[in-house]
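So the sequence shown is numbered by the working numbering: it starts at 124 and just counts up by one. Think of the CB as a built atom: it goes at the ideal place given N, C-alpha and C, for glycine as much as any other residue. Okay, structure first, notes after.
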Amino acid sequence: MTAPEDHSFDLLPDDFRRLGYKVIDLMVDALEAERNEPVLRQISGAHMRAMVDEPLPVAETPADDVIATWQTAVAPFARRNGHPRFFGYVCTSADPLGMLADAMASAINQPVTAWRSAPSATAIERLVVRWLDELVGFGGKGNGLLVSGGSAANFHGLACAVTMAEQRAGLPPGSRHRLTAYISQEGHMSMYKALQLLGLSPDHVRVIGVDEQRRMPLDKLQRILEEDRGSELVPAVVCASAGTANTGAIDPLLGVSDACKDHDVWLHIDGSYGAPAAITEEYEWMAKAFAHADSLSLDPHKWLFASADAGCVLVRDDEAARRTFTLHSDYTAVTQTDPVERYAFFDHGLEMSRRFRGLKVWTILKARGVDRIRAAIQHNIALRKHLDARIREEQRLQALGSELSITCFRYVPRGETSEDRLNAINRTILETLIAEGRCYMSPTVLDGKYALRACIVNFRTQQSDVDFLADEVMRLGTAL
Ligand SMILES: Cc1ncc(COP(=O)(O)O)c(C=O)c1O
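The following block contains the structure:
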């Protein structure tokens, strides 16, 4: 008799342990590299592809060989977002404890669809959402869920807004184009995208020009809301920002929330980046506005130091989320009657199978505690102010806008007034800076001016790193 074939992928415990320890060593190396290696090693697309490209593997490859490729081709060419001199986009330094939690989440592989399928993961995620709600002063009942990031959170919040506006106005199917949304010209692209996907007519997305601090001016918002109210249109949602991606600008949230109340319009706040700053004394005023918002986005993977991906949307009225996302199917029907046990995330959001993101966020909040997180955020803000001071001191640097932990500036050679040449010079500075690998910033364009943009959401960054950045820009600018 032939022995039954073994189709199992299981590793023997000792093999798992051996490979696991090896991987932990690689993770330690990767964390060391975040401090000691270049922020980004240059490699061409062709070279990168050549390092990993091969035909679809049909036969087995020993796990040690696969892991060797992580070591030689993957880790070295990862941009080191946790490097103390990484100042690009809004990418956090990830808490190593969160990384361990992420590995554990994979080990127990919970598709967090509903309590029925993942009791502990559901309990942890619901707790985490309640904690995040309390943390930033939203003051809901912990309604909401974790999603992939700010774009998904904005989509969820705006989907609820649109559903509720449609229902309140008693619009017949196919009339969504009558809904209007209000967003500043600095509002994140993901909100524009969500409104488009949700079926609003592009003409009815009211783009409001910003003031000199790149905030939505209240008087303009009120005027346009009044105009639209007196027409065939149905004002549905104001999309405000608590920290824009460009300069960290914060819309006048309290006034915006009053305007929304006056006009019975949903207030969605995109706090994907900036909301956690509400735990600091300087920005706690934002929490007072969050307490009036209908929905709020905030990303643990931005300023709460979680590795990607982890976003969160809070929705005050759970019924709004249910009306937007609940659909019956026989294969998902929940039979439990206990309110805790019958909870299903797919009745409150878009996704069905969802990664157990809650574990890393829970681990970070529990292990670090709010006081330490607040101190890290405050330090980031203080570093931004230090950089602002450096920019003011250096005659050749020009400030272009800053708030929270973002600052934008440019290098202006003596006597240079051509905007085209200034844009070209600053583009060259940025490209050289990135190519040299000692620091990393990302660009933006403000009123036609190419800007060097530094964002500090990093618990490793110190004042010497910020000074180094300013010195580097001066060095490269002078060399040009
Ligand atoms: C203000 C703001 N909103 C939304 C987003 C989108 O977030 P995500 O990249 O997590 O989808 C970003 C990204 O940086 C952001 O800064």
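Checklist entry - Counting along the chain, where does the alpha helix (DSSP H) carrying Y144 start and finish? => result Taken as a continuous stretch (DSSP letters only), the alpha helix (DSSP H) holding Y144 covers P136 to N159.
Next on the checklist: Among R480, I500 and L523, whose alpha-carbon lies nearest the alpha-carbon of G272?
Outcome noted: Out of R480, I500 and L523, the CA that lies nearest to the CA of G272 is found in R480.
Item to check | Reduced DSSP category for Y563 - H, G, I as helix; E, B as strand; rest coil | outcome: Here Y563 sits in strand by DSSP.
Checklist entry - Which residues bound the alpha helix (DSSP H) around I190? => result It spans A186 to T192 - the alpha helix (DSSP H) in which I190 sits, taken as one unbroken run.
Checklist entry - Nearest chain D C-beta to L527 closer than 8 Å, yes or no? => result In the structure shown, chain D cannot be found, because there is only a single protein chain.
Checklist entry - Exposed or buried, what is R249 when buried is set at 16 or more other beta-carbons lying within 10 Å of its beta-carbon? => result Taking all protein chains in view, the Cβ of R249 is crowded by 16 or more other Cβ atoms within 10 Å, so the residue is classified as buried.
Next on the checklist: How far does the beta strand (DSSP E) with D393 in it extend, from its first residue to its last?
Outcome noted: W389 to D393 is the span of the beta strand (DSSP E), which, as asked, contains D393.
Checklist entry - Comparing alpha-carbon positions, which option in V360, T403, S364 and A382 lies nearest W389? => result Minimum Cα distance to W389 is reached at V360.
Item to check | Reduced DSSP category for T195 - H, G, I as helix; E, B as strand; rest coil | outcome: In the three-state DSSP reduction, T195 falls in the helix class (H, G or I).
Checklist entry - Measuring CA to CA, which of E474, H327, Q336 and L220 is closest to T447? => result Nearest neighbour of T447 by Cα position, chosen from E474, H327, Q336 and L220, turns out to be E474.
Next on the checklist: Considering only heavy atoms of ligand 1, does any lie closer than 7 Å to the CB of A363?
Outcome noted: Here the distance from the Cβ of A363 to the nearest heavy atom of ligand 1 is not below 7 Å.
Next on the checklist: Quick check on the DSSP output: what are the complete alpha helix (DSSP H) runs of length 4 or more inside the segment 230-263, in order along the chain?
Outcome noted: Entirely contained in the segment 230-263, the alpha helix (DSSP H) runs reaching 4 residues are, in chain order, 242-259.
Checklist entry - Can we count H311 as close to ligand 1, meaning its CB is less than 7 Å from some heavy atom? => result Result yes, Cβ under 7 Å from ligand 1.
Checklist entry - How about F413 and A429: do their beta carbons lie closer than 8 Å? => result Going by C-beta atoms, F413 is not nearer than 8 Å to A429.
Item to check | beta-carbon V436 near ligand 1 non-hydrogen atom, thresh 7 Å | outcome: The answer is no for V436.
Checklist entry - Among A602, A433, V181 and T555, which residue has its Cα nearest to the Cα of K483? => result In terms of CA proximity to K483, A433 leads the group A602, A433, V181 and T555.
Next on the checklist: Using a Cβ distance threshold of 8 Å, determine whether the segment 303-312 contacts the segment 324-336, with at least three qualifying pairs required.
Outcome noted: The segment 303-312 vs the segment 324-336: in contact.
Checklist entry - If we call anything under 8 Å between Cβ atoms a contact, is G310 one with S364? => result Judged by beta-carbon spacing, S364 lies within the 8 Å limit of G310, meaning their Cβ atoms are closer than that value.
Item to check | Proximal residues to D351 (C-beta, below 6 Å), its chain only, five neighbours per side dropped | outcome: Only T303 and P358 meet the Cβ criterion.
Item to check | Check: S587 C-beta below 7 Å from any heavy atom of ligand 1 | outcome: The answer is no for S587.
Checklist entry - What alpha helix (DSSP H) runs, 4 residues minimum, are completely inside the segment 375-429? => result The alpha helix (DSSP H) runs lying completely inside the segment 375-429 and spanning 4 residues or more are 376-386, 408-413 and 423-426, given in chain order.
Next on the checklist: Taking a contact to mean a Cβ-Cβ separation below 8 Å, would you say R507 touches I529 in this structure?
Outcome noted: Going by C-beta atoms, R507 is nearer than 8 Å to I529.
Next on the checklist: Beta-carbon within less than 8 Å of G322's beta-carbon, same chain only, minus the 5 sequence neighbours each way: which residues are those?
Outcome noted: The residues are V285, R299 and H300.
Checklist entry - Is L482 helix, strand or coil when you go by DSSP? => result Note: L482 maps to helix in three-state DSSP.
Item to check | Member of A282, L348, M339 and I496 whose CA lies at the smallest distance from the CA of Q319 | outcome: Out of A282, L348, M339 and I496, the CA that lies nearest to the CA of Q319 is found in A282.
Item to check | For L569 and I552, believed in contact at Cβ under 8 Å, the rounded distance | outcome: No, I552 and L569 are not in contact; Cβ-Cβ is about 16 Å, not under 8 Å.
Next on the checklist: Count Cβ pairs between the segment 576-596 and the segment 512-520 that sit closer than 8 Å; are there 3 or more?
Outcome noted: These segments touch.
Item to check | Beta-bridge pairing of Q521 - partner residues as DSSP gives them | outcome: Looking at the DSSP assignment, Q521 forms a beta bridge with R533.
Checklist entry - With distances taken from CA atoms, which of C531, E554, R164 and E404 is nearest R497? => result If we check each option's Cα against that of R497, E404 comes out closest.
Checklist entry - Who are the Cβ neighbours of F234 in its own chain at under 6 Å, not counting the five residues just before and after it? => result This sequence places Pro at residue 234; Phe is not what is there. In chain order, S476 place their CB closer than 6 Å to the CB of P234, counting only its own chain and leaving out the 5 sequence neighbours on each side.
Next on the checklist: With distance defined between alpha-carbon atoms, name the residue in G262, N549 and E160 nearest to D440.
Outcome noted: Minimum Cα distance to D440 is reached at G262.
Checklist entry - How should L348 be labelled, buried or exposed, when 16 other C-beta atoms within 10 angstroms of its C-beta is the threshold for buried? => result Per the 10 Å Cβ criterion, buried.
Checklist entry - Skipping 5 residues on each side, what residues in its chain have a beta carbon closer than 6 Å to that of E464? => result Its chain contains W238 as the residues whose beta carbon lies nearer than 6 Å to that of E464, once the 5 sequence neighbours on both sides are disregarded; these appear in chain order.
Item to check | Euclidean distance between Cα positions of T601 and F469 | outcome: Cα atoms of T601 and F469: separation of roughly 56 Å, rounded to the nearest angstrom.
Item to check | ligand 1 heavy atom lying under 7 Å from the CB of S274 | outcome: At least one heavy atom of ligand 1 lies less than 7 Å from the C-beta of S274.
Item to check | In chain order, each beta strand (DSSP E) run of at least 3 residues that lies wholly inside the segment 290-355 | outcome: The segment 290-355 contains these whole beta strand (DSSP E) runs: 302-307 and 328-331.
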